[in-house]
Amino acid sequence: MIAEVIRMREEQNKKTSQKVIKMLRKRWVVPAIYLVSAAVILTGALWYQYSNAPTPTKTGTTVDTTREPDAIPASQPEEKLTYPVSKDVTVQVKSHYYDDSASKDEQQASLIQTDSNTFTINTGMDLVDKSGKEFDVTAALSGTVTKAQKDAELGYVVVVESGNGLVSYYQSLKSVSVDPGTKVSQGQVLGTAGTALIGKENGIHVHYELRKDGVAINPEKYQGQEVSSIISSVNTKSETKESNTMNTSGSVSDDNEEDSSNSDTDGNKIQQ
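This is the structure we're talking about:
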């Protein structure tokens, strides 16, 4: 029985082989096999190429979806100290920074009146529009706003920290447009110039003060200089002077300190 089954399978395989041989002997079979194989290969190649091609947008613009290495950003130019006003505003310095080495007349002009007969030295500068109008106050340096609030004697006050110990104070503002924690860029509007009880003789103005490590420095002297140059100059010179006041007018003083007021030729008190 088993032998008969084996014989039947051999006969069946022999018939199948004979059919394949007969088919291959036909002229059209072999070329057909080649054509089918070539079609399969070509189809695969086209599919691969299409799947990696740029993707066209609806407007017909081609967008390359291939990810390229992140470009190395170009180095940004270093900031230079500017006046805290917009470029289209023409201002003048109404009251200058008090310089110990200046002439008596220049020092006299750098005093700020705090009340009817009391003056204090100006540890910043006061800017006014020549037309006497209000104007936008802008950031002299970029940084982070640490204070933006109204003071009874100073008007609105904005404080911006720029790093490396540099801090800018903007006072006598009528209004502010930033909040504490806001990161501001150089030239960004901080508020509007206004008036204040201290320095009221200057009318509508902004009082700007620049400090390095808590010590007031002359903002006029460093106009147009790069931040690194300012820091280097301040660190190597002893031209800065300490101030116990938060503002140029020195309205916030240490109650524990002795009165160091002097009097000018008119009998007015001068706070130092």
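Residue 0 is where the sequence shown starts when you use numbering that gives the first Met the number 0, and the numbers rise one by one after that.
The beta-carbon is built from N, C-alpha and C at its ideal position, and this holds for glycine as well.
The model shown is predicted, which means the values in this text are computed figures rather than measured ones.
Exposure of residue i, with buried meaning 16 or more beta-carbon neighbours within 10 Å
i: Ala192; result: buried
i: Asp150; result: buried
i: Leu80; result: buried
i: Gly154; result: buried
i: Ala215; result: buried
i: Gly272; result: The structure shown does not extend to residue 272, since the chain is modelled only from 0 to 271, so the question has no answer here.
i: Pro76; result: exposed
i: Gly198; result: buried
i: Thr235; result: exposed
Paired residues, beta bridge with residue i - DSSP
i: Thr143; result: Glu160 and Lys182
i: Asp135; result: Thr191
i: Lys129; result: DSSP, once it has assigned bridges, lists no residue as partnering Lys129.
i: Gly154; result: Asp150
i: Glu225; result: Lys79
i: Tyr207; result: Met124 and Tyr169
i: Val88; result: Note: Val88 sits in no beta bridge, so no partner.
i: Val214; result: Lys211
Span separating the alpha-carbon of residue i from that of residue j
i: Arg210; j: Ser167; result: 6 Å
i: Ile120; j: Gly180; result: 31 Å
i: Lys129; j: Asn201; result: 12 Å
i: Trp46; j: Leu34; result: 18 Å
i: Asp99; j: Leu110; result: 12 Å
i: Tyr97; j: Gln222; result: 16 Å
i: Thr194; j: Val84; result: 16 Å
i: Val205; j: Gly131; result: 12 Å
i: Asn163; j: Gly213; result: 11 Å
i: Gly190; j: Tyr82; result: 14 Å
i: Gln270; j: Val157; result: Below a pLDDT of 50, predicted positions are generally treated as unreliable, and Gln270, at 41, falls in that range; no measurement from the model is reported.
i: Leu165; j: Leu140; result: 9 Å
i: Ser176; j: Asp104; result: 37 Å
i: His95; j: Gln187; result: 24 Å
query = For the region 87-102 against the region 229-236, are there 3 or more C-beta pairs whose distance is under 8 Å?
reply = no
request  = Take every Cβ of the region 138-149, pair it with every Cβ of the region 173-190, and state whether three or more of those distances are shorter than 8 Å.
outcome  = yes
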